[in-house]
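Q:
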Amino acid sequence: MGLIHLVFGQSSVPVLTEAVTLDEKMEGEIICFEDDLSVGPLFILDTPEGRANRKLFWQQLAGIETVVAEEAAGNTPAPAPVAEEQQEDIDRFRALKARLKEDPELEVWIWAGQNARDVSGYYWLVSQLYDFAGRIHIIYLNNLPFLNEKMQVFYPTHLHQILPKEFLKARKLARPISLAEYELDGDEWRRLMNENAGIRLLEGGKKLKGEPTLFYDKELLAQSGKEFVKAWKIVQQVTGKLKYPVMDQFLGWRLKELIKEGKLESKGELKTIRDFEVKLPGETAPAESTPAS
């Protein structure tokens, strides 16, 4: 019997790769889906048009809209790799389905941490794998205790936080996705596509709540002040308050949008969050003067 492990995002790959070497029952190939489906448009994502809209979203986040002007001027900058990675997920999935059809003994384990990216990815997969019921397993690490390097109990939200040897305990949770789940979770995926929210937040369990794209703008503005501060520090302060972290790239894009709208001022090149600083509009706060004696 062959086994394929599915994860969402490269950060999960190294620990699971090491874990697979520790137990022959876990031996199998690891396939990683790159797209973070917890952010950006999902409408008709099961069509070429929907996938094209999503690719445009990632190009926007990568700043490729500014590249178009450069190309018009005769320059040919290299495309951002992130947009290319998103394009390949559908190819990975089609190859997976083809292998499942060819090999009736092949099984799949979907690994999901308690975070919006993994849960969104799970819904996307399960909505399309009904034909292979009984062979697709889920391991959802929802509110489960694990031991960290100091042998202390903690509750991880992401796979990369778990020690490789602790995966041996987690693998015992693998169970076939039920027929009811294919139906209910398939319906949930279609709801998420039709809702087409700007971002999706995990409320607990497998419940995702859609919010508008500008959901974090208020917090980004609240962390900005009258003096210029590195954009990455603003992003770090916002993510530090969140139970489930959001992509730095997404929050960096939102800072750039706030700059475009005149709600923030910037200094430096608007590339990555380490290349520019931001502050609230208006005069920089004056330095405190020493009173005359």
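FYI, the UniProt record's numbering numbers position 45 of the sequence shown as 45, with every residue one higher than the one before it. The C-beta atom is built at its ideal place from N, Cα and C for all residues, glycine as well.
Answer yes if the segment 170 to 180 comes into contact with the segment 87 to 100, meaning at least three C-beta pairs across the two stretches below 8 Å, and no otherwise.
A: At 8 Å Cβ cutoff, the stretches do not touch.
Q: Starting from the Cα of residue 224, find the closest Cα among 118, 202, 3 and 278 and give me that residue.
A: Locating residue 224 in the sequence shown gives position 224, counting from the first residue. Among 118, 202, 3 and 278, the Cα nearest to that of residue 224 belongs to 278.
Q: Is residue 8 closer than 8 Å to residue 117 when the C-beta atoms are compared?
A: To locate residue 117, count along the sequence shown from 1; it is residue 117. To locate residue 8, count along the sequence shown from 1; it is residue 8. Contact: yes.
Q: Excluding five sequence neighbours on each side, which residues of the same chain lie with their C-beta closer than 6 Å to the C-beta of residue 135?
A: As a working note, residue 135 is residue 135 in the sequence shown. Result list for residue 135: 107, in chain order.
Q: Restricting to Cα atoms, I'd like to know which of 229, 4 and 234 is closest to residue 99.
A: Counting from 1 along the sequence shown, the entry for residue 99 is found at position 99. That would be 4, whose Cα lies nearest to the Cα of residue 99.
Q: Looking at C-alpha atoms only, which residue of 114, 232, 268 and 40 is the closest neighbour of residue 214?
A: Indexing the sequence shown from 1 puts residue 214 at position 214. For the residues 114, 232, 268 and 40, the minimum Cα distance to residue 214 belongs to 40.
Q: Go ahead and pull the three-state DSSP assignment for residue 174.
A: In the sequence shown, counting from the first residue as 1, residue 174 sits at position 174. If DSSP states are grouped into helix, strand and coil, residue 174 belongs with coil.
Q: Between which two residues does the beta strand (DSSP E) harbouring residue 112 extend?
A: Here residue 112 corresponds to residue number 112 of the sequence shown, with the count starting at 1. Residues 107 to 113.
Q: With residue 11 and residue 137 assumed to form a contact (beta carbons below 8 Å), what rounded beta-carbon distance in angstroms separates them?
A: In the sequence shown, residue 11 corresponds to position 11, counting from 1. In the sequence shown, residue 137 corresponds to position 137, counting from 1. Rounded, the Cβ-Cβ distance is 22 Å, inconsistent with contact.
Q: Rounded to the nearest angstrom, what separates residue 196 and residue 22 at their Cα positions?
A: The residue labelled residue 196 in the question sits at position 196 within the sequence shown. The residue labelled residue 22 in the question sits at position 22 within the sequence shown. Roughly 41 Å separates the two Cα atoms.
Q: For residue 17, which of helix, strand or coil comes out of DSSP?
A: The residue given as residue 17 occupies position 17 in the sequence shown. Helix at residue 17.
Q: Quick one: Cα of residue 43 to Cα of residue 193, how far?
A: In the sequence shown, the residue the question calls residue 43 occupies position 43. In the sequence shown, the residue the question calls residue 193 occupies position 193. If I take the Cα positions, the gap works out to 5 Å.
Q: Between 27, 25, 47 and 148, which has its C-alpha nearest residue 190's C-alpha?
A: Taking the sequence shown and counting its residues from 1, the one referred to as residue 190 is at position 190. Of 27, 25, 47 and 148, the residue nearest in Cα terms is 47.
Q: For residue 224, which of helix, strand or coil comes out of DSSP?
A: As a first step, residue 224 is located in the sequence shown; it is residue number 224 there, counting from the start. Residue state, collapsed to three classes: coil.
Q: Looking at the secondary structure, which residues open and close the alpha helix (DSSP H) in which residue 296 lies?
A: A question about residue 296 goes unanswered here, because the residues of the chain that appear run from 1 up to 293.
Q: Are there 16 or more other CB atoms within 10 angstroms of the CB of residue 255, so buried, or fewer, so exposed?
A: The residue given as residue 255 occupies position 255 in the sequence shown. Classification for residue 255: buried.
Q: In three-state terms, what does DSSP make of residue 51?
A: On the sequence shown, position 51 is the one that residue 51 refers to. Helix at residue 51.
Q: If the criterion is Cβ atoms closer than 8 Å, does the pair residue 253 and residue 61 meet it?
A: Here residue 253 corresponds to residue number 253 of the sequence shown, with the count starting at 1. Here residue 61 corresponds to residue number 61 of the sequence shown, with the count starting at 1. Result yes, Cβ atoms of residue 253 and residue 61 sit closer than 8 Å.
Q: So which of 229, 251 and 227 has the shortest CA-CA distance to residue 238?
A: The sequence position of residue 238 within the sequence shown is 238, counting from 1. Cα-wise, what sits closest to residue 238 is 251.
Q: How should residue 202 be labelled, buried or exposed, when 16 other C-beta atoms within 10 angstroms of its C-beta is the threshold for buried?
A: Locating residue 202 in the sequence shown gives position 202, where the first residue counts as 1. Residue 202 should be labelled buried.
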